[in-house]
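Chemist:
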DNA sequence: CAACATGAATGACCGTCAGTCATAATTTTC
DNA sequence: GAAAATTATGACTGACGGTCATTCATGTTG
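Chains as they are written, first to last, in my numbering: chain A, -2 to 220; chain B, -2 to 220.
Here you go:
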């Protein structure tokens, strides 16, 4: 009696196909300008069918966003698994986030679009929960790595790992957002390389967090 | 012949009244959920009239945003005008930004909503230009203050004032965005005070930029 | 195999809303 | 005070998110 299971698989497969289509359209046009008719067209389904699988356009958007979080999680996991000194791993984590920004720009943008408070009206509780979980997994990696750094004496023990994580993350995100918006403006008109600014900012923050002994190690590991 | 001038004033006055109404509605509901009918109702005008004064809903939104930029500019100007040592003024500028975030939250949110690339379809060129100009005025204050700090030997001469400005701004903005979204989550679940994190981040970045001699002065001026 | 049952898929339809435009009201000009 | 010019109106249009009565495909039963 594998019929219900086969049906289940097919249903899951269809859900994935719909996300594929939605992703294509959302990446092209963004949440506002994408229409459900377009997505249905791309998925080769009728609009009504989309609503059998997802509660709303925003719900679909979050489903795509969750994929983006998975990708970032995988990239971060790879860094954590490295057998490198912790200082290097922390630097690599920041590099990985920058690489994510550059290689997965569309997903990165979704992160920022997501927190628009107006969006959360018609999203399903499960989808919101799923996104929160994925988000938490990413945070835990960052926090865990910093905690490890403290334990190994690379980062000062007076530092709160959670606070350090949010500082590094938010600072990086802020600069990447600037890069995303107006990198050209800053490089062409202002003569400022924002990527270099990002690296500098991270270096400054990290330097302020590290123990005296580790600073020399860090310098040669990163800069 | 003051008739055309009176007319001009009246027209400008009406434009302001419309922004007042739009601001009320936008602050309540945000760009997406606010409707032009509501704004017209609040302005005690017909919807058609709104379109005589502003090209689109987004245009109106930008008009409100420009006000928010003016307020920030005024706050920053006050700091620049202080007769305090430059290190203190820089610290006060960062304080002023935090105060803006806390006291003018609605405007602050608009900053982040603004750079949604999907929004810029039907906005007038003038409005976009006006916002860019206002934005630039704010940047110039930040950059100018840091440049002054370099000239006075408080900030290291190897620092590029524009780069320093974008680092401080983006880092602060990133953390404030986090505060705006999920301050409660961070304080209640994670036990992290994001405002303290912001102050820490700024202190770390500033400390990395300052000359050795100025660091002691800064410590007593800010922390 | 035919009658029936299940649930997936459809697309016409609905309500809402940004934006338009023909018409009306008001003000200015002569 | 009539014609002209300017300003205001709100019914209307098209587009879009979301719904639902109906159709269709597949599996079950006798």
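Just so it is clear, CB atoms sit at the ideal spot from N, CA and C, and this is done for glycine as well.
All values derive from a computational prediction rather than experimental measurement.
#1: Helix, strand or coil, according to DSSP, for residue 156 of chain A in the structure here?
#2: Below 7 Å between beta carbons is the criterion; list the residues of the stretch 192 to 218 of chain A that meet it against any residue of chain B, in chain order.
#3: Tell me the rounded alpha-carbon separation between residue 128 of chain B and residue 122 of chain B.
#4: Roughly how many angstroms separate the alpha carbons of residue 82 of chain B and residue 213 of chain A, rounded to a whole number?
#5: If you draw a straight line from the C-alpha of residue 156 of chain A to the C-alpha of residue 206 of chain A, how long is it?
#6: Leaving out the 5 sequence neighbours to the left and right, which residues in its chain are closer than 7 Å to residue 223 of chain A when beta-carbon positions are compared?
#7: In chain B, what lies closer than 7 Å to residue 68 of chain A by C-beta?
#8: Which value, in whole angstroms, describes the spacing of the CA atoms of residue 88 of chain A and residue 159 of chain A?
#9: So, is the C-beta of residue 99 of chain A closer than 8 Å to a C-beta in chain B?
#10: Taking Cβ positions, are residue 84 of chain A and residue 200 of chain A nearer each other than 8 Å?
#11: Pairing CB atoms from the stretch 182 to 191 of chain A with CB atoms from the stretch 158 to 177 of chain B, are three or more of them under 8 Å?
#12: Do you know whose CA, among B/50, B/59, B/42, lies nearest residue 131 of chain B's CA?
#13: Please report how far the alpha carbon of residue 7 of chain A lies from the alpha carbon of residue 63 of chain B, in whole angstroms.
#14: Classify residue 124 of chain B as buried or exposed, calling it buried when 16 or more other Cβ atoms lie within 10 Å of its own Cβ.
#15: Helix or strand or just coil, what does DSSP make of residue 207 of chain A?
#16: Going by the beta-carbon positions, is the gap between residue 163 of chain B and residue 95 of chain A smaller than 8 Å?
#17: Who are the near neighbours of residue 220 of chain A in its chain, counting only those whose CB is closer than 7 Å to its CB and skipping five residues on each side?
#18: Note down, in chain order, every chain B residue with its Cβ under 7 Å from the Cβ of residue 222 of chain A.
#19: Could you give the first and the last residue of the continuous alpha helix (DSSP H) run that contains residue 52 of chain A?
#20: Which residues in the same chain have their Cβ closer than 8 Å to the Cβ of residue 153 of chain B, if we skip the five residues on either side of it in sequence?
#21: Return no unless some Cβ of chain A is closer than 8 Å to the Cβ of residue 167 of chain B.
#22: What are the boundary residues of the alpha helix (DSSP H) that residue 135 of chain B is part of?
#23: With C-beta atoms as the reference, is residue 106 of chain B less than 8 Å away from residue 17 of chain B?
#24: Just to confirm before moving on: does the CB-CB distance between residue 51 of chain B and residue 22 of chain B stay below 8 Å?
#25: Which residues in chain B have a C-beta closer than 9 Å to the C-beta of residue 4 of chain A? List them in chain order.
#26: Of all the residues that make up the stretch 135 to 165 of chain A, which are near chain B by a beta-carbon distance shorter than 8 Å?
#27: Taking Cβ-Cβ distances shorter than 9 Å, what residues in chain B pair up with residue 25 of chain A?
#28: Anyone know if the C-beta pair for residue 167 of chain A and residue 101 of chain B falls short of 8 Å?
#29: CB residue 90 of chain A to CB residue 139 of chain A, shorter than 8 Å?
#30: Name the chain A residues whose beta carbon is nearer than 7 Å to that of residue 187 of chain B?
#31: Hey, residue 126 of chain B and residue 53 of chain B are a contact pair by Cβ (cut 8 Å); roughly how many whole angstroms apart?
#32: Quick check on DSSP: helix, strand or coil for residue 190 of chain B?
#33: Take the Cβ of residue 49 of chain A as the centre, count every other Cβ of all protein chains shown within 10 Å, and call the residue buried at 16 or more, exposed below.
#34: Expressed to the nearest angstrom, what Euclidean distance is found between the alpha-carbon atoms of residue 47 of chain A and residue 197 of chain B?
#35: Within 10 angstroms of the Cβ of residue 25 of chain B, are there 16 or more other Cβ atoms? Answer buried if so, exposed if not.
Modeler: In this structure, then:
#1: Residue mapping note: residue 156 of chain A aligns to position 159 of the first chain, counting from 1. Coil at residue 156 of chain A, not helix or strand.
#2: 194, 197, 198, 201, 202, 204, 205
#3: Looking up residue 128 of chain B in the second chain gives position 131. Looking up residue 122 of chain B in the second chain gives position 125. So the alpha carbons of these two residues sit roughly 10 Å apart.
#4: Mapped onto the second chain, residue 82 of chain B falls at position 85. Mapped onto the first chain, residue 213 of chain A falls at position 216. Each residue's Cα considered, the two are about 33 Å apart.
#5: Walking along the first chain from the start, residue 156 of chain A turns up at place 159. Walking along the first chain from the start, residue 206 of chain A turns up at place 209. Near 7 Å, if we compare the C-alpha coordinates of residue 206 of chain A and residue 156 of chain A.
#6: The requested residue 223 of chain A is not part of the displayed model; chain A covers only -2 to 220.
#7: For the purposes of this step, residue 68 of chain A is taken as the residue at position 71 of the first chain. Ordered by position in chain B, no residue passes the 7 Å Cβ test against residue 68 of chain A, which lies about 21 Å from the chain.
#8: Within the first chain, residue 88 of chain A is the residue found at index 91, counting from 1. Within the first chain, residue 159 of chain A is the residue found at index 162, counting from 1. If I take the Cα positions, the gap works out to 17 Å.
#9: In the first chain, counting from the first residue as 1, residue 99 of chain A sits at position 102. No - not a single Cβ of chain B is within 8 Å of the one on residue 99 of chain A.
#10: Numbered from its first residue, the first chain carries residue 84 of chain A at position 87. Numbered from its first residue, the first chain carries residue 200 of chain A at position 203. Taking 8 Å as the Cβ cut-off, residue 84 of chain A and residue 200 of chain A do not qualify as a contacting pair.
#11: yes
#12: To locate residue 131 of chain B, count along the second chain from 1; it is residue 134. The shortest Cα separation from residue 131 of chain B among B/50, B/59, B/42 belongs to B/59.
#13: Taking the first chain and counting its residues from 1, the one referred to as residue 7 of chain A is at position 10. Taking the second chain and counting its residues from 1, the one referred to as residue 63 of chain B is at position 66. If I take the Cα positions, the gap works out to 51 Å.
#14: Here residue 124 of chain B refers to the residue found at position 127 when the second chain is read from its first residue. Label assigned to residue 124 of chain B: buried.
#15: Taking the first residue of the first chain as 1, we reach residue 207 of chain A at position 210. The answer is strand: DSSP assigns residue 207 of chain A an E or B state.
#16: Taking the first residue of the second chain as position 1, residue 163 of chain B is located at position 166. Taking the first residue of the first chain as position 1, residue 95 of chain A is located at position 98. No. Outside cutoff.
#17: Sequence index remark: in the first chain, residue 220 of chain A carries index 223 (1-based). At residue 220 of chain A, the pLDDT of 45 sits below 50, so the modelled position is not reliable and the matter cannot be decided from this model.
#18: It is not possible to answer for residue 222 of chain A, since the shown part of chain A is limited to -2 through 220.
#19: In the first chain, counting from the first residue as 1, residue 52 of chain A sits at position 55. Neither: residue 52 of chain A is in no alpha helix (DSSP H) and is coded neither H nor E.
#20: Locating residue 153 of chain B in the second chain gives position 156, counting from the first residue. Contacts found: 147, 206, 207, 208.
#21: On the second chain, residue 167 of chain B is found 170 positions in, with the first residue counted as 1. Yes, because at least one Cβ of chain A sits closer than 8 Å to the Cβ of residue 167 of chain B.
#22: For the purposes of this step, residue 135 of chain B is taken as residue 138 along the second chain, with counting starting at 1. Taken as a continuous stretch (DSSP letters only), the alpha helix (DSSP H) holding residue 135 of chain B covers 122 to 148.
#23: Mapped onto the second chain, residue 106 of chain B falls at position 109. Mapped onto the second chain, residue 17 of chain B falls at position 20. No. Outside cutoff.
#24: For the purposes of this step, residue 51 of chain B is identified with residue 54 of the second chain, where counting begins at 1. For the purposes of this step, residue 22 of chain B is identified with residue 25 of the second chain, where counting begins at 1. Going by C-beta atoms, residue 51 of chain B is not nearer than 8 Å to residue 22 of chain B.
#25: Against the first chain, residue 4 of chain A aligns to sequence position 7. Near residue 4 of chain A there are no residues of chain B at all, since even the closest Cβ is about 37 Å away, more than 9 Å.
#26: 157, 159, 160, 163, 164
#27: Here residue 25 of chain A corresponds to residue number 28 of the first chain, with the count starting at 1. The contacting residues do not exist; residue 25 of chain A stays about 11 Å from chain B at best.
#28: Residue 167 of chain A sits at position 170 when you count from the first residue of the first chain. Residue 101 of chain B sits at position 104 when you count from the first residue of the second chain. Not closer than 8 Å, so no.
#29: Position 93 of the first chain, counting from 1, holds the residue named residue 90 of chain A. Position 142 of the first chain, counting from 1, holds the residue named residue 139 of chain A. Yes, the Cβ-Cβ distance between residue 90 of chain A and residue 139 of chain A is below 8 Å.
#30: Locating residue 187 of chain B in the second chain gives position 190, where the first residue counts as 1. Those are 159, listed as they occur along chain A.
#31: Sequence index remark: in the second chain, residue 126 of chain B carries index 129 (1-based). Sequence index remark: in the second chain, residue 53 of chain B carries index 56 (1-based). 16 Å between Cβ atoms; not a contact.
#32: As a position in the second chain, residue 190 of chain B is number 193, starting the count at 1. Correct three-state label for residue 190 of chain B: coil.
#33: Counted from its first residue, the first chain places residue 49 of chain A at position 52. It counts as exposed.
#34: For this step, residue 47 of chain A is matched to residue 50 along the first chain. For this step, residue 197 of chain B is matched to residue 200 along the second chain. Near 47 Å, if we compare the C-alpha coordinates of residue 197 of chain B and residue 47 of chain A.
#35: Here residue 25 of chain B refers to the residue found at position 28 when the second chain is read from its first residue. By the 10 Å Cβ count, residue 25 of chain B comes out exposed.
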